[in-house]
Each structure stands twice: as structure tokens, then as C-alpha cells.
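Protein chains in written order, with numbering that gives the first Met the number 0: chain P, 0 to 166; chain Y, 0 to 166; chain R, 0 to 166. The structure appears right after this line, and notes come after that.
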Amino acid sequence: MPDITLDDLVAIHHIEQLKYAYFRCLDQKRWEEMETLLIPDVEATYSGGTNSFSGRDAVLDFLQRSMGAESFHSAHHCHHPEIRLTSATDATGTWAMEDTVIMLDFDITIRGAGFYEDRYVRQNGRWLIAATGYKRLWEELAPRASTEGLQLTASWWRTDGRSSLAG
Amino acid sequence: MPDITLDDLVAIHHIEQLKYAYFRCLDQKRWEEMETLLIPDVEATYSGGTNSFSGRDAVLDFLQRSMGAESFHSAHHCHHPEIRLTSATDATGTWAMEDTVIMLDFDITIRGAGFYEDRYVRQNGRWLIAATGYKRLWEELAPRASTEGLQLTASWWRTDGRSSLAG
Amino acid sequence: MPDITLDDLVAIHHIEQLKYAYFRCLDQKRWEEMETLLIPDVEATYSGGTNSFSGRDAVLDFLQRSMGAESFHSAHHCHHPEIRLTSATDATGTWAMEDTVIMLDFDITIRGAGFYEDRYVRQNGRWLIAATGYKRLWEELAPRASTEGLQLTASWWRTDGRSSLAG
């Protein structure tokens, strides 16, 4: 295995922090902070290329349109980071991912898993996302009405931290 | 981005280990080891404040009462650690979390996701949990009987490592 | 807590990378790369010992037979690494895990969680898996037909990166 230096570990740490902030912004709908994580000409290829966007504005527009509603509840988690530093200012990353999306307006739940392939660049001392995209291992969709008695019992946006929607 | 030193990486590593031990103790019901991870006057605010407790005894009492039964099966996972060292002996942490709880006695499954906000302190050279709490992105509950043919096929407490409850 | 050195952090990093590669190979069915991650006399004890195998060939044979079909969709994720370096060339690891398996041929979904206990050895400068195994917290199985309208909407092997199987 290649030697790894303290500088390498620090760079990997910063890149991981960047990815974690991206997903926190996604699930908490923090679009302004998310904008600070992407380079202006970021490339995004979600769902194996079905949804591809060039440029930060186009990416943020897509994310806000598809995930901005407070009836849209999600959890996007990434695991197993394999970060490769290719220069002092360039890196790539492979991540396992899983996501759950609860779309109350459409009465469906979507669950899936896959792998992200990202590129990162360091600009003015900060690591940023230059390209991101995933291909799915699988994704499945189920009508929520098909599970009798299924109910949402908490929501970041609807219950103000109370544990029950009825509370 | 701020400079990060080797000492910082080591501190972050210890804090992550602390959190991982907490969840191992939770899902394996190791209450004695969990006691060693919390300061005596720990503050816990679960479910966005619905369940709040002051002091290690009160926290452990709540966890054991609500999760102690062997009919209560859980998996609590945390992801995306964003640890901030605020002094040589203080730190905060934000974590994404997801949990699945199977309550056989009540015939329900609960799944959810959210974010933890923690405080950690270093005492006598060891990092400990000073405050912990989460707010949910979402939580949902389903009666297990509503999925025809759903069955538990393994249990830490019931099958002694055999893969089938019938085995 | 014990002092941790830069060398320790690097070793832990390499061991984590090894585990991440193992799961990437498992879910992407990359059996040739997986072979490079295991020592020849690796021991595997899956499902609390129900499925135990000695030797790399036996392990790979089992994995390919049970998970090789493209109708078998899985996501195996590990979390919460607690790696202990026991010598310059030996280590152990405890990991939380969760898995989802969609078996289209048998029309079932299996979800579970548990803990891995591994041993790693360093040979010729590379960390490798010497022993791996898990015990389940719980596992449950559901017929897919019992959820009306449940459908697979993407597959690594069937949709070539398109987001819809019908696309």
C-alpha cells in the first residue's frame, strides 16, 4: 500500500467533511450552505445519468425543485469512503450510498442503494465538489397506502421537534 | 479551512470511538459499559426534546426501561461525523442517524432518521459524552401484521447465533 | 485512552479501506478483486456461525453461489469501526452492519443488522482480512408480493444506469 502522510490524512478528512456537509444540506434543505460546497462549473450525474446537470445553478435548481417541498422527507447516507488524492489539489472519491425518500404528496416511499463517484478540487485552501454522481445498485418504490396502518410519527418540518405529529 | 494537527485527528478519532461504543452498548444492551461513556451530569434530549433527562442515572434508567426487553430489537447507526474541537477538553459533534426498532410485544416496526447534536468533554485523559440529543427528519411506524408473511428470522437474544428462529 | 500515533492512524485507515473494498466487491459482484483482499487461509463465520468456511476458495465459492446471480440485489453497509492494533502486523475490528437483500427470483426482501468481528494481518506491507464473521441483532424476511404495488425501479445489472426499469 502507498505511504500515507499526515497531510494526506488531513486532506481526506476535509473531503469527508465536505461530503457530510453536502448530505446535511440536502436532507435539511439548506440550499444556501450547499451552494458554498460546489464549484461554479460542477457536474452532477444522478441516477446513473438520467438526471445530469452542468453548473452550480442548474444543480441547485434541480435539487430544490425535486426535494425542496416540506412534504418531501429524505435521508441520504454515504458510507465506505475510498478517497484517492491524485495531486495536491485534486482527488476522487467512491462512496456507498443509501437513501430513503418519503413523498407524502404522492403517497409513496422510495428506498435505494448505490455508489457515488466524485471528483474534488482544492481552491483557495478549501476542498470543493467538482463532480458528483451515482449509479444505483437497486431502487424500489412502494405506495404507502399498501401498508395498512403505516403512519408518519415525526417530521423535521411539521412537528417542531415533538415526537408525535398528533402531539 | 482551519489547519488540523495530528493531535486534532487523534482527538476526533477518540470522540468517534466514544460514539461508536455508545451505539454498540445501546443495541447490545450493555448498560454497564454504557455507564462508563457518560459524565455523571450528562444531559440527554431525545426525539427533539420529547424525552429529556438530566444525569447519568436518569438517562440509563430511561434507556433500560424503553429498550431493555429482549423482545425489543434495534439498530441505531450514526454517520457523517462533523466534530468541532472547541478547546483541548471540549468538543461538539453533529451526526446523521438512522434507526430501526422492531417491537415484537407491540407488533410494530419503527424506522426513522435525524441528526444528533452532542457535546463531549475530556476528563482525566478520556473523552466522554456530556450532552447528547437528536431531532428527527422523519419517523414512521407500521404494524407488523399489515405485511403478510413478515417474519423475524434471527435475533441476538433468541437464536444464539443460529440464522433461523426455527433452527 | 492509549496514545495513538500517526502510524496507528495510517494502519487504521488502511484497515478501513480494506473493509470498504470488501463490501464494494460484495455488492458489485467483483469476485476477482475480492480475492485480493483475503489471506489464503481466511476464516469466515457468517450468520453467527450458521455459514462457516475455511479458506479463500471456500469463502469465495459460497459468496458467488449465494450472491452471484443478477436477480440478487444487495446493499451491505458497515459502520462504527472499532479497530484495535494488537501488533505491528495484527489487528481486530468490531463493526456495526446492516444489510438489505432483494431476491427477485424468490420474491422476498431480507433486512437485517448485526455486528462483525474481524481479524486482520499485514503481509508484505498490505493489510488483509484473516477472519471475518458476524452475529445478527435481528433479521427479518418479507414476501415482496405482500406489499401491493411494490416495484423495483432501478438495477445495477438490468437498467444500465437508467433510472427506470421501464425507461
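The beta carbon of each residue, even a glycine, is placed where N, CA and C say it ideally should be.
From the DSSP output, read off the bridge partner residues of R/Asn50.
-> Here R/Asn50 is bridged, per DSSP, to R/Tyr45.
Test: R/Tyr19 CB closer than 7 Å to a CB of chain P | Closer than 7 Å to some Cβ of chain P, the Cβ of R/Tyr19 qualifies, so yes.
Using DSSP with H/G/I as helix, E/B as strand and the rest coil, what is P/Lys134?
-> Looking at P/Lys134 - three-state DSSP - the assignment turns out to be strand.
Can you name the start and end residues of the beta strand (DSSP E) that P/Arg71 belongs to?
-> A quick correction: the sequence has Phe, not Arg, at residue 71 of chain P. Its beta strand (DSSP E) spans residues Phe71 to Leu84.
Inter-residue CB distance, Y/Leu103 and Y/Leu36 (contact presumed, cutoff 8 Å) = Y/Leu103 to Y/Leu36, Cβ: 28 Å. No contact.
Identify the residues that DSSP records as bridge partners of R/Tyr119: which are they?
-> Partner(s): R/Ala90 and R/Ile128.
Alpha carbon of Y/Ser53 to alpha carbon of P/Leu136, nearest angstrom | Each residue's alpha carbon lies about 44 Å from the other.
Using a Cβ-Cβ distance under 7 Å, would Y/Val120 count as near chain R?
-> Judged by the 7 Å Cβ criterion, Y/Val120 is not in contact with chain R.
Does R/Asp106 come within less than 7 Å of chain P when only Cβ atoms are used?
-> False, the Cβ-Cβ gap to chain P never drops below 7 Å.
Three-pair Cβ contact test at 8 Å for the segment 138–146 of chain P versus the segment 98–112 of chain P | Two segments are said to touch when three or more pairs of C-beta atoms, one from each, lie closer than 8 Å; by this definition the segment 138–146 of chain P touches the segment 98–112 of chain P.
With a cut-off of 8 Å, do at least 3 Cβ pairs link the segment 50–69 of chain R to the segment 82–92 of chain R?
-> Contact between the segment 50–69 of chain R and the segment 82–92 of chain R is absent: fewer than three C-beta pairs spanning the two stretches fall below 8 Å.
Residues bridged to Y/Gly111 (per DSSP) = In the DSSP assignment, Y/Gly111 is bridged to Y/Asp98 and Y/Glu138.
First through last residue of the beta strand (DSSP E) which encompasses R/Ser154 = Start and end: Gln150 to Ser154.
Nearest to P/Met96 (by Cα), restricted to the options P/Tyr115, P/Thr85 and P/Gly48 = Out of P/Tyr115, P/Thr85 and P/Gly48, P/Tyr115 has the C-alpha closest to the C-alpha of P/Met96.
Taking P/Ser65 as part of the alpha helix (DSSP H), name the residues at either end of that continuous run.
-> From DSSP, the alpha helix (DSSP H) with P/Ser65 extends over Arg55 to Met66.
Could you give the C-beta distance for P/Ala19 and Y/Glu81, rounded to a whole number, given that I count them as a contact under 8 Å?
-> The sequence shown places Tyr at residue 19 of chain P, rather than the Ala named in the question. Sure, about 6 Å apart at Cβ, within 8 Å.
For Y/Asn50 and Y/Ala129, the rounded distance between their alpha carbons = Looking at the two C-alpha atoms, the distance is approximately 17 Å.
Comparing alpha-carbon positions, which option in Y/His78, Y/Val9 and Y/Ile101 lies nearest R/Gly111?
-> Nearest option by C-alpha distance: Y/Ile101.
Going by DSSP, which residues form a beta bridge with Y/Leu37?
-> Partner(s): Y/Ile128.
Report all residues from its chain with a CB closer than 6 Å to the CB of P/Gly166; omit the five preceding and five following residues, and keep chain order.
-> Because P/Gly166 sits at a pLDDT of 36, beneath the cut-off of 50, its placement in the model cannot be relied upon, and the following sentence gives the value as read from the coordinates. Cβ within range, chain order: n/a, list empty.
Would you verify that the beta carbon of P/Trp94 is, or is not, closer than 7 Å to some beta carbon of chain Y?
-> False, the Cβ-Cβ gap to chain Y never drops below 7 Å.
Give the interface partners of Y/Ile3 over in chain P, defined as CB-CB distance under 7 Å, in chain order.
-> Contact note: Y/Ile3 reaches chain P through Val9 and His12, using a C-beta cutoff of 7 Å and chain order.
Pick out whichever of R/Lys134, R/Trp126 and R/Glu138 has its Cα sitting closest to the Cα of R/Ser9.
-> In the sequence under discussion, the amino acid at residue 9 of chain R is Val, which differs from the Ser named in the question. For the residues R/Lys134, R/Trp126 and R/Glu138, the minimum Cα distance to R/Val9 belongs to R/Trp126.
Cutoff 7 Å: P/His78 Cβ touching any chain R Cβ | At least one beta carbon of chain R lies nearer than 7 Å to the beta carbon of P/His78.
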